[in-house]
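In the working numbering, the protein residues as written are -3 to 138.
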């Protein structure tokens, strides 16, 4: 991915500054899916995860390519998803995300901007949306 190819030299130079030698290996996305995502054959990778509420997918499954395994975090995600109160669910998610921040199974390098340009008469667009997916049933035109 172009963003990963651009960021890799920066990450490599910063790691070199603290004595860690990294060899760059740019791969196309199909190869990334096969080697990294499917086979888990990598040491470091740069990938953009931007799906809303994707933490349970990424960190709640030890078989996911990241390999993060914390039963307490999995339990908190499961508990959050079964809550009937949004406040209670958010409390569980917050606790799980706090544990993730302490464990640091990944490092966030930056947040991608998600720019959306639409006609002013389009309704139902989510302000500050983080993904490119739309709920078509919510969209309208006035």
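From the three backbone atoms N, C-alpha and C, an ideal C-beta is built for every residue, glycine too.
Can you say whether residue 76 is buried or exposed, counting buried as having 16 or more other CB atoms within 10 angstroms of its CB? buried
Own chain, CB closer than 6 angstroms to residue 18, minus 5 neighbours either side, in chain order: 8, 11
Per DSSP, what kind of secondary structure is residue 137 in: helix, strand or coil? strand
Who are the Cβ neighbours of residue 3 in its own chain at under 7 angstroms, not counting the five residues just before and after it? 42, 105
Give the straight-line distance between the Cα atoms of residue 24 and residue 6, rounded to the nearest whole angstrom. 19 angstroms
Selection from 129, 55, 63 that minimises the alpha carbon distance to residue 32: 63
Please report the straight-line C-alpha distance between residue 134 and residue 112, rounded to a whole angstrom. 16 angstroms
Run through the DSSP bridge pairs and tell me what residue 69 is partnered with. DSSP lists no partner for residue 69.
Measure the Cβ-Cβ separation of residue 137 and residue 118 and say whether it is below 8 angstroms. yes
Extent of the continuous alpha helix (DSSP H) to which residue 34 belongs: Neither: residue 34 is in no alpha helix (DSSP H) and is coded neither H nor E.
Please say whether residue 98 and residue 69 have beta carbons closer to each other than 8 angstroms? no
Would you mind sorting residue 61 into buried or exposed? The rule is 16 or more other CB atoms within 10 Å of its CB. buried
Assuming the contact rule is C-beta atoms closer than 8 angstroms, residue 73 and residue 100 should be a hit. Round their C-beta distance to whole Å, please. Contact flag wrong, Cβ pair sits at about 18 angstroms.
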